[in-house]
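In this note's numbering, the protein residues as written are 5 to 423.
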DNA sequence: AAGTCGGGGTA
DNA sequence: TACCCAGACTT
């Protein structure tokens, strides 16, 4: 048998056995219960860089709250964001709603089924377009994600770096050849299911694998050294000082939160106000936490610059928040609202500092208005005084969700103890 | 091609 | 710890 014939046979074997395995092993997932293109689409956006088990509860809540394309298109953006709270990559939520409006206006509320149209939807790239077209419409389009690249690089012993762009193109060509006639939907899902359940990154379960016999990596004993992938550079650390401002008088029992800018990191999410901590200058330049008094002093100045009348009192707790490119270490301080608060009414912060106000009015990319990191661009956002119950109306990144929940829990314990 | 965008599970 | 993940968008 020629090499080309062997290759053809290996491909046919792969597709046939994988498909058969899938019919017996596929998981019962909410978006698999109907072939509803809207459900498939939502699930695929949520599944970007996110595990199935994490997505399931979010998916169920989401389609309950937004059952149709039109209901999503017509919803307030903050509702969509709140539904996405804790899932991460929040631009996915905003892009999804943008795309829902595209579908409503350009395609009569029906998810389009041709490549051009699907690809034009905001937030839909090569993988997601292929996934929607194949899974929802059974079109013979490849849907190549990291999972599929791992499976193919092992089965065919491909040593291309899957972090490189051209590799995905090559994998797509291969994946397209493998789709059995009329079976695009099942086959593409089978490929991903195998990657998720059997051909896992660290320790692949080769024995129960339906295609083990002809897996080139396995036959070469190289299944754990594939795929080849250049590793990402480590995230840079950022030390920050956060203010947990406890209200007094009219704001008693409430905490101050602010909204982030409309673009960039955690866009339009709500948070405790926080600012960069200056590097601790201990002479060695090694960084590390700031001495307590220096931190309090820095925070006092940041609060004043932001137009928040509050006095830092004591360190409360530390919290970490990891992004793919940054790691925040937040040192949270309890602060007391000061009397006489003409500058922090409900609504927007009014700047007292002339320099900051004029700099913002001038427009442009004002990242840091002052060299010391106070008066940052974030200081121009809306602020609110909230209770625990109000948390339901604002979308928070997980770190602040946990911080606020812990704080209000503690307050409840204290108030019950003092009764 | 590289950087920007969260968060959690796994070994 | 370090690595991984059902990626897309911007520059």
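Heads up, the beta-carbon is just placed ideally off N, CA and C, and yes, glycines get one too. These numbers were taken from a predicted model, which means no experiment stands behind them.
| query | result |
| --- | --- |
| Burial state of residue 234, where buried means 16 or more other Cβ atoms lie within 10 Å | exposed |
| Counted within 10 angstroms of its Cβ, other Cβ atoms place residue 158 as buried (16 or more) or exposed | buried |
| Cα-Cα separation between residue 341 and residue 314, rounded to whole angstroms | 4 Å |
| Anticipated Cβ contact below 8 Å, residue 205 with residue 172, distance rounded | The pair is not a contact, with the Cβ atoms about 17 Å apart (cut-off 8 Å). |
| Distance, residue 261 Cα to residue 414 Cα | 18 Å |
| contact_flag[the stretch 159-179, the stretch 108-117] where n(CB pairs < 8 Å) is 3 or more | no |
| Burial state of residue 354 (16 or more Cβ within 10 Å) | Caution is warranted here: a pLDDT of 37 is assigned to residue 354, below 50, making its placement in the model unreliable, and no coordinate value can be reported. |
| Proximity of residue 147 and residue 131 at Cβ, strictly below 7 Å | yes |
| Assumed close pair residue 190, residue 23 - CB separation to whole angstroms, cut-off 8 Å | 6 Å |
| Cα-Cα separation between residue 371 and residue 384, rounded to whole angstroms | Because the pLDDT at residue 371 is just 33, under 50, the model does not fix this residue reliably, and the point stays unresolved. |
| For residue 87, the three-state DSSP class (helix, strand or coil) | helix |
| Whole runs of the beta strand (DSSP E) within the stretch 17-41, excluding any shorter than 3 residues | none |
| Where residue 321 sits in the DSSP three-state scheme | strand |
| Given 8 Å, three or more beta-carbon pairs between the stretch 50-64 and the stretch 244-255 | no |
| Supposed close pair residue 192, residue 135 - CB separation, criterion 8 Å | 7 Å |
| Residues bridged to residue 309 (per DSSP) | According to DSSP, residue 309 bridges with nothing at all. |
| Nearest-angstrom Cα separation, counted from residue 392 out to residue 416 | 10 Å |
| Anticipated Cβ contact below 8 Å, residue 42 with residue 72, distance rounded | 7 Å |
| Where residue 292 falls: helix, strand or coil (DSSP) | Low per-residue confidence applies at residue 292: pLDDT is 48, beneath 50, and the placement is therefore not dependable enough to give any value. |
| For residue 337, three-class secondary structure by DSSP | strand |
| Whole-Å CB distance - residue 214 paired with residue 227, under 8 Å assumed | Actually they do not touch by this definition, with Cβ atoms about 15 Å apart. |
| Distance between residue 297 and residue 48 (C-alpha atoms, nearest Å) | 49 Å |
| Inter-residue spacing [alpha-carbon to alpha-carbon] between residue 107 and residue 339 | 47 Å |
| Simplified DSSP state of residue 455, which is helix, strand or coil | Given a span of 5 to 423 for the chain in the structure shown, any question on residue 455 remains unanswerable. |
| Outcome for residue 110 when other beta-carbon atoms lying within 10 angstroms are tallied against a minimum of 16 | exposed |
| Beta-carbon separation (whole angstroms), residue 245 vs residue 303, contact threshold 8 Å | 5 Å |
| Beta-carbon spacing of residue 243, residue 333 below 7 Å | yes |
| Reduced DSSP secondary structure (H/G/I, E/B, other) of residue 278 | strand |
| Euclidean distance between Cα positions of residue 382 and residue 98 | 20 Å |
| Assigned secondary structure, residue 370 (DSSP; H/G/I helix, E/B strand, else coil) | Summary for residue 370: the model assigns pLDDT 34, below 50, so the residue's position carries little reliability, and this model does not support an answer. |
| Reduced DSSP category for residue 159 - H, G, I as helix; E, B as strand; rest coil | helix |
| Residue burial classification, residue 301 (beta-carbon count within 10 angstroms, cutoff 16) | exposed |
| Beta-carbon contacts of residue 123 that lie in its chain and below 7 Å, excluding the five residues immediately before and after | 133 |
| First through last residue of the beta strand (DSSP E) which encompasses residue 263 | 259-263 |
| Separation of residue 380 from residue 311, as counted between CA atoms | 12 Å |
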